[in-house]
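Chemist:
Residue numbers (this note's numbering), protein chains in the order written: chain W, 30 to 408; chain D, 6 to 344.
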């Protein structure tokens, strides 16, 4: 079959609401794929989650400045990509996030303190992946793409119609695991949806030095994966496109790759100086594309949102931030002996020895001469 | 009792595991119709279907990472890496994810999967087909590393590895695939983590594993016949967890130890064993712990591999260096030594 039109993304990123908050006439191809303006109720839910998510993001950034977090990679500006795809997930679906997707995890209902546990340095994952159906936040780029494909295949084998959502950045599309993930998902027709949040920079390296592809969405076509591109700062379009992608995957038609064109408004992390690699004009240009401002303008204009509701959600977000501050300002309890508890189902004899050494050290009874349990004489 | 090869024992273990547990999946490149390049998965797709013995795309990181996702959903994948050096593209998945997932998630996401790797040399393979890669895996906390040297262990340890809730790197010495034994299957040998004394002896302990067990036993026979040295041969069977107790008890009795590993010696498994023996048995030793290993070179071309691989002569020469008839020399004072 040489016809690849069913795989090709729309020539322009799908948009339903323009930057000024007015509704946009969609292209014929977008209409054919079912990308229609979502119901007001759904858009209100997305708007609320973005307001709360952004407040969380700002609070986490502040906690970093206070030394409460080792590092925090902000996703401000990517709010629509963080929120809408997660809200559209079903209860049985799995989420495979990266280190930048903290806002997505909060939207997914994970306790914000647990979301920040990794960055706080308390314990690696922080939440229960089985209970939350969320894999640990992945730091080596794109490795979670193959996990998502495998998990999606597993979910399908179990006879469910659940799917796996894999969040990826633009830099990660250069990694081999991204390609292997797409290929495995396609070959096994695994219900996986890959969302590339193209925020234009991999730390400091711009997209132009990352790829020669006209759009990252085209990378799916070579694997036989249906592909799409969307305005990532248009929450309505992101919601519509992701819902269609989920329906495609759930129906057993295989994976979908969605590229969302967006922008990271902050630096890569607090350790990064973004002024070295991008201009103020560029950042200012994206300020006018703000997803929250855009959706709020649309909802107010349409009469679905008023000042009272805006104030109510703002207060809710402040409450979450205050609660997060309070709980994060308490020193986390860490238990050194737990270091040995989860390396294996049962610790090896060697780990038992080391655990005993640390236990003795903690008890304050170790001396230089008796610190090791590994000498012949000590036995 | 009927003769069974090491390769057939592995096939039987996979077959029995697939039969007993519907969550067990065999996966890899060429494991289907071909039955694997060494035929370890022979007939499994025919008998269990391509959903249970699965031919995957040719991408080792993808195979390992896909297995991670399946393990998250409660499956027990047994993946084949085809050849030792072909496993390196999967190294990140193995070390960053498979080994650490349980620990990252406080036990919520165990990784009950097996990575089968045909490894080591002696088969005249061309480049990239004969690496001794065990050192990379034993250095990674969170993995069990198992390497059977006999057909009975091949069956029993593979069954146990598949049943384990922890990830197991299961290293199959290619040179042993056609080793035969009279064996009734199923069989159950010592568990993971326990070494076996394959030959009892009183003069020196020869510690080895996997591809070199056969050579060690041969060397012990020659030593007994020609030098009157009574060599005890220990087969580790499992590199992680390491069986200090069996090794220690033997060395304390014999007072001399030689570590034999086919891998290149520098910073390898043999160095770890020698260090552990020295730390634990120093006062029982009549001689330094010596190592016999492969050379510190990239695996050589087939016509030169006999120079690289430890053979009986190199093992006997090393045993001879253990100051055979001498008691330990304590006559040097610290001053003399520093002078």
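Glycine included, C-beta positions come from ideal geometry on N, C-alpha and C. Nothing here was measured: the structure is a model prediction, and the numbers come from that model.
Using the C-alpha atoms, what's the distance from residue 189 of chain D back to residue 35 of chain D?
Modeler: Numbered from 1 along the second chain, position 30 holds the residue referred to as residue 35 of chain D. Numbered from 1 along the second chain, position 184 holds the residue referred to as residue 189 of chain D. Using only the alpha carbons, I get a separation of about 28 Å.
Chemist: For residue 245 of chain W and residue 255 of chain W, what's the separation of their Cα atoms in angstroms?
Modeler: One-based indexing of the first chain puts residue 245 of chain W at position 216. One-based indexing of the first chain puts residue 255 of chain W at position 226. Cα to Cα, the separation comes out at about 13 Å.
Chemist: If you measure from the beta carbon of residue 253 of chain W to each beta carbon in chain D, is any gap under 8 Å?
Modeler: Locating residue 253 of chain W in the first chain gives position 224, counting from the first residue. No - not a single Cβ of chain D is within 8 Å of the one on residue 253 of chain W.
Chemist: Going by the beta-carbon positions, is the gap between residue 178 of chain W and residue 213 of chain W smaller than 8 Å?
Modeler: Looking up residue 178 of chain W in the first chain gives position 149. Looking up residue 213 of chain W in the first chain gives position 184. Yes.
Chemist: At 4 residues or longer, what runs of the alpha helix (DSSP H) sit wholly inside the stretch 22-57 of chain D?
Modeler: Those alpha helix (DSSP H) runs which fall completely within the stretch 22-57 of chain D and span 4+ residues are 49-53.
Chemist: With DSSP collapsed to three states, give me the class of residue 124 of chain D.
Modeler: By 1-based counting over the second chain, the position of residue 124 of chain D is 119. In the structure shown, residue 124 of chain D sits in a strand (DSSP, three-state: E or B).
Chemist: I want to know whether the stretch 7-19 of chain D touches the stretch 277-284 of chain D - three or more CB-CB distances under 8 Å.
Modeler: No, because fewer than three Cβ pairs between the stretch 7-19 of chain D and the stretch 277-284 of chain D fall closer than 8 Å, the two stretches do not touch.
Chemist: Cα separation between residue 383 of chain W and residue 301 of chain D?
Modeler: What you label residue 383 of chain W is simply residue 354 of the first chain in a count that begins at 1. What you label residue 301 of chain D is simply residue 296 of the second chain in a count that begins at 1. Whole-angstrom Cα-Cα distance: 31 Å.
Chemist: Could you pull out every residue in the same chain whose Cβ sits closer than 6 Å to the Cβ of residue 266 of chain D, ignoring the five residues on either side in sequence?
Modeler: Position 261 of the second chain, counted from the start, is the residue given in the question as residue 266 of chain D. Closer than 6 Å at the Cβ level, and outside the excluded window around residue 266 of chain D, lie 274, 275 and 298.
Chemist: Is there a C-beta anywhere in chain D that falls below 8 Å from the one on residue 157 of chain W?
Modeler: In the first chain, the residue the question calls residue 157 of chain W occupies position 128. At least one chain D Cβ lies under 8 Å of residue 157 of chain W.
Chemist: Which of the three DSSP states, helix, strand or coil, is assigned to residue 103 of chain W?
Modeler: Position 74 of the first chain, counted from the start, is the residue given in the question as residue 103 of chain W. The answer is coil: DSSP assigns residue 103 of chain W none of H, G, I, E or B.
Chemist: Is it a yes or a no for the stretch 203-222 of chain W touching the stretch 284-291 of chain W, going by three-plus beta-carbon pairs under 8 Å?
Modeler: Judged by Cβ distances under 8 Å, the stretch 203-222 of chain W makes contact with the stretch 284-291 of chain W, as three or more pairs qualify.
Chemist: At a CB distance below 7 Å, what residues from the stretch 100-129 of chain D approach chain W? Give them in sequence order.
Modeler: Cβ contacts with chain W come from 101, 102, 107, 108, 109, 110, 111, 112, 113, 114 and 115.
Chemist: Using a Cβ-Cβ cut-off of 8 Å, state whether residue 329 of chain W counts as contacting chain D.
Modeler: Taking the first residue of the first chain as 1, we reach residue 329 of chain W at position 300. No, residue 329 of chain W does not count as interfacial toward chain D.
Chemist: Do you know how far the Cα of residue 92 of chain D is from the Cα of residue 232 of chain D?
Modeler: Within the second chain, numbered from 1, the residue matching residue 232 of chain D stands at position 227. Within the second chain, numbered from 1, the residue matching residue 92 of chain D stands at position 87. Distance between the alpha carbons of residue 232 of chain D and residue 92 of chain D: 42 Å.
Chemist: Got a sec, what are the start and stop residues for the alpha helix (DSSP H) residue 149 of chain W sits in?
Modeler: Mapped onto the first chain, residue 149 of chain W falls at position 120. That run of the alpha helix (DSSP H) goes 146-149.
Chemist: Could you tell me which whole alpha helix (DSSP H) segments of length 4 or greater appear in the stretch 152-222 of chain W?
Modeler: 158-161, 172-186 and 205-216, all fully within the stretch 152-222 of chain W.
Chemist: Assign residue 220 of chain D to one of three DSSP states: helix, strand, or coil.
Modeler: As a working note, residue 220 of chain D is residue 215 in the second chain. Note: residue 220 of chain D maps to helix in three-state DSSP.
Chemist: Leaving aside the five residues before and after residue 170 of chain D along the sequence, list all residues of the same chain whose C-beta is less than 6 Å from its C-beta, in chain order.
Modeler: The residue given as residue 170 of chain D occupies position 165 in the second chain. Taken in chain order, the residues that qualify are 115 and 117.
Chemist: Roughly how many whole angstroms lie between the Cα atoms of residue 162 of chain D and residue 203 of chain W?
Modeler: If you number the second chain from 1, residue 162 of chain D lands on position 157. If you number the first chain from 1, residue 203 of chain W lands on position 174. Answer to the nearest angstrom: the Cα atoms are 39 Å apart.
Chemist: Name, going along the chain, the residues of the stretch 373-386 of chain W whose beta-carbon falls closer than 7 Å to a beta-carbon of chain D.
Modeler: Of all residues in the stretch 373-386 of chain W, 373, 374, 377, 378 and 379 have a Cβ within less than 7 Å of some Cβ in chain D.
Chemist: For residue 88 of chain D, count the other beta carbons within 10 Å of its own beta carbon; 16 or more makes it buried, fewer makes it exposed. Which is it?
Modeler: Counting from one through the second chain, the residue named residue 88 of chain D turns up at place 83. Classification for residue 88 of chain D: buried.
Chemist: Between the stretch 86-98 of chain W and the stretch 236-243 of chain W, are three or more C-beta pairs nearer than 8 Å?
Modeler: Not touching, per the Cβ criterion.
Chemist: Applying the criterion that 16 or more other CB atoms from any shown protein chain within 10 Å of the CB defines a buried residue, is residue 390 of chain W buried or exposed?
Modeler: The residue given as residue 390 of chain W occupies position 361 in the first chain. Exposed: under 16 other Cβ atoms inside 10 Å.
Chemist: Which residue comes first and which comes last in the alpha helix (DSSP H) that contains residue 75 of chain W?
Modeler: The residue given as residue 75 of chain W occupies position 46 in the first chain. Start and end: 69-94.
Chemist: Between which residues of its own chain and residue 167 of chain D is the CB-CB distance below 7 Å, once the five residues before and five after are set aside?
Modeler: Working through the second chain from its first residue, we reach residue 167 of chain D at position 162. Closer than 7 Å at Cβ, skipping near neighbours: 22, 29, 81, 83 and 119.
Chemist: Name the chain D residues that come within less than 7 Å of residue 187 of chain W, Cβ to Cβ?
Modeler: In the first chain, residue 187 of chain W corresponds to position 158, counting from 1. What residue 187 of chain W touches in chain D: 78.
Chemist: Identify, in the order they occur along the chain, each residue of the same chain with its Cβ nearer than 8 Å to the Cβ of residue 372 of chain W, setting aside the five sequence neighbours on each side.
Modeler: The residue given as residue 372 of chain W occupies position 343 in the first chain. For residue 372 of chain W, where only same-chain residues beyond five positions count, the Cβ hits under 8 Å are 380.
Chemist: Do residue 199 of chain D and residue 242 of chain D have their C-beta atoms within less than 8 Å of each other?
Modeler: Here residue 199 of chain D refers to the residue found at position 194 when the second chain is read from its first residue. Here residue 242 of chain D refers to the residue found at position 237 when the second chain is read from its first residue. Yes, the Cβ-Cβ distance between residue 199 of chain D and residue 242 of chain D is below 8 Å.
Chemist: Quick check on residue 311 of chain D: does DSSP put it in helix, strand or coil?
Modeler: To locate residue 311 of chain D, count along the second chain from 1; it is residue 306. Residue state, collapsed to three classes: helix.
Chemist: Could you tell me which whole beta strand (DSSP E) segments of length 3 or greater appear in the stretch 254-300 of chain D?
Modeler: If we require 3 residues or more, the beta strand (DSSP E) runs fully inside the stretch 254-300 of chain D come out as 262-269 and 295-299.
Chemist: If we count the other Cβ atoms within 10 Å of its Cβ and call it buried at 16 or more, is residue 153 of chain D buried or exposed?
Modeler: Position 148 of the second chain, counting from 1, holds the residue named residue 153 of chain D. The residue in question, residue 153 of chain D, is buried, as its Cβ has 16 or more Cβ neighbours within 10 Å.
Chemist: Does DSSP classify residue 239 of chain W as helix, strand or coil?
Modeler: Within the first chain, residue 239 of chain W is the residue found at index 210, counting from 1. Coil, per DSSP.
Chemist: Tell me which same chain residues have a C-beta within less than 7 Å of the C-beta of residue 42 of chain W, skipping the five on either side of it?
Modeler: Locating residue 42 of chain W in the first chain gives position 13, where the first residue counts as 1. Excluding positions up to five away in sequence, the list reads 258, 259, 260 and 290.
Chemist: Tell me whether residue 52 of chain D is buried or exposed, calling it buried when 16 or more other Cβ atoms sit within 10 Å of its Cβ.
Modeler: Your numbering for residue 52 of chain D matches position 47 in the second chain. When all chains shown are included, residue 52 of chain D counts as exposed.
Chemist: Please confirm if residue 71 of chain D has its CB atom under 8 Å from at least one CB of chain W.
Modeler: Taking the second chain and counting its residues from 1, the one referred to as residue 71 of chain D is at position 66. At least one chain W Cβ lies under 8 Å of residue 71 of chain D.
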